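Trainee: Quick one: structure below, then a few questions.
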Amino acid sequence: MRWYFLRHAKTEKVSASGKDFDRELAPRGLRQCASLNEYLKNLSIASVVCSSALRTRQTCEFSMKGFGVETVFLDSLYLADLSEWKSILEHHGKHDTLFIGHNEGISETVSWLTEQEITLPTAALVMVEFLGSDLSLLAPGTALWKGYFRPQD
C-alpha cells in the first residue's frame, strides 16, 4: 500500500485568536493547494487522514477539492510525535492513504519509515510504499521512498 504524507501549506504567522491551532492558510498557501490539487489527481488515494487544526483542514479542503474521498479529521494528529504517528498509521493506513499533518512529527515519521533523513517544507508531499502487510510490524526501513512533490512558489 502507498502512503502520501503532506505537510500543510504555507500559513499566516498568527491567527485572530492568537492560537497556533487556528492559523489560516496564507495566499501563498492557497496557491500551493491549487498546484497540489492538480498533482494529486494523478494518484490513487482511497482515504485522507488529516489533523483537525485549521491550516491542515484548509490544506485538505483546497488540495482535495472535487475528489469525494472519505476523510477523517483527528485532534491527535495536531503536533503528533512519532509514537502517535505509528498508532495512527496502524489504525488508518490499511489503504492508499493521504496523511496531512505538521512538522516535526510528519518529517520524523517519514524519516523513520524510510531511513532517509528529511525535513518537509510547507506543502511538500512524500510518497512511500509500505513493504509489509501487517501494520503492527511498522519499523525503521519498512517503507520505500517512491516520490516527492512540492509546488513551485
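Heads up, the sequence shown is in the working numbering, so the first residue is 3 and it goes up one at a time.
Every residue gets a Cβ at the ideal spot worked out from N, C-alpha and C, and that includes glycine.
Just so it is clear, the structure is predicted and the values come from calculations on it, not from any experiment.
Report the residue from K88, S46, F101 and E117 whose alpha carbon sits nearest the alpha carbon of T61.
Mentor: For the purposes of this step, residue 61 is identified with residue 59 of the sequence shown, where counting begins at 1. Comparing Cα positions, the closest option is F101.
Trainee: Go through its chain and collect everything with a Cβ distance to V112's Cβ below 6 Å, but skip five positions before and after it.
Mentor: One-based indexing of the sequence shown puts residue 112 at position 110. F7, I120 and V128.
Trainee: Relative to the C-alpha of A55, which candidate in F69, G68 and L76 has its C-alpha closest?
Mentor: Your numbering for residue 55 matches position 53 in the sequence shown. That would be L76, whose Cα lies nearest to the Cα of A55.
Trainee: Only counting the same chain, and skipping five residues up and downstream in sequence, which positions put a Cβ closer than 8 Å to that of G31?
Mentor: Numbered from 1 along the sequence shown, position 29 holds the residue referred to as residue 31. Excluding sequence neighbours, G31 sits near H10, A11, K12, T13, R57, Q60, T61, T124 and A125.
Trainee: Counting only runs that start and end within the stretch 87–153, where is the alpha helix (DSSP H) found for 4 or more residues in a row?
Mentor: Counting only runs of 4 or more, we get 107–116.
Trainee: Have a look at R152, G20, T116 and G107 and flag the residue whose alpha-carbon is nearest the alpha-carbon of Y80.
Mentor: In the sequence shown, the residue the question calls residue 80 occupies position 78. Of the candidates R152, G20, T116 and G107, the one whose C-alpha sits nearest the C-alpha of Y80 is G107.
Trainee: Taking 8 Å as the threshold, find out whether the stretch 83–90 comes into contact with the stretch 18–37 through three or more Cβ pairs.
Mentor: Because the criterion of three Cβ pairs below 8 Å is not met, the stretch 83–90 and the stretch 18–37 do not touch.
Trainee: Using a Cβ-Cβ cutoff of less than 6 Å, which residues in the same chain neighbour F23 once the five nearest sequence positions on both sides are dropped?
Mentor: Taking the sequence shown and counting its residues from 1, the one referred to as residue 23 is at position 21. Excluding positions up to five away in sequence, the list reads A55.
Trainee: Starting from the N-terminal side, write out each stretch of the alpha helix (DSSP H) that is 4 residues or longer and does not extend beyond the stretch 27–63.
Mentor: Taking only runs of at least 4 residues, the alpha helix (DSSP H) segments lying wholly in the stretch 27–63 are 29–42.
Trainee: Just curious, the beta strand (DSSP E) that T13 is in, first and last residue?
Mentor: Along the sequence shown, one-based indexing puts residue 13 at 11. No beta strand (DSSP E) holds T13; DSSP gives it neither H nor E.
Trainee: DSSP three-state label for L81, please.
Mentor: Counting from one through the sequence shown, the residue named residue 81 turns up at place 79. Coil at L81, not helix or strand.
Trainee: How big is the Cα-Cα spacing for L140 and G149?
Mentor: Along the sequence shown, read from residue 1 onward, the residue named residue 140 stands at position 138. Along the sequence shown, read from residue 1 onward, the residue named residue 149 stands at position 147. Roughly 20 Å between the two C-alpha positions.
Trainee: Would you grab the beta carbon distance between A48 and D98 for me? Rounded to a whole angstrom, and I think it's under 8 Å.
Mentor: Along the sequence shown, one-based indexing puts residue 48 at 46. Along the sequence shown, one-based indexing puts residue 98 at 96. At roughly 5 Å, the Cβ-Cβ gap stays under 8 Å, so A48 and D98 are in contact.
Trainee: Which stretch, first to last residue, makes up the beta strand (DSSP E) that contains V71?
Mentor: Locating residue 71 in the sequence shown gives position 69, counting from the first residue. No beta strand (DSSP E) contains V71, which DSSP labels as neither H nor E.
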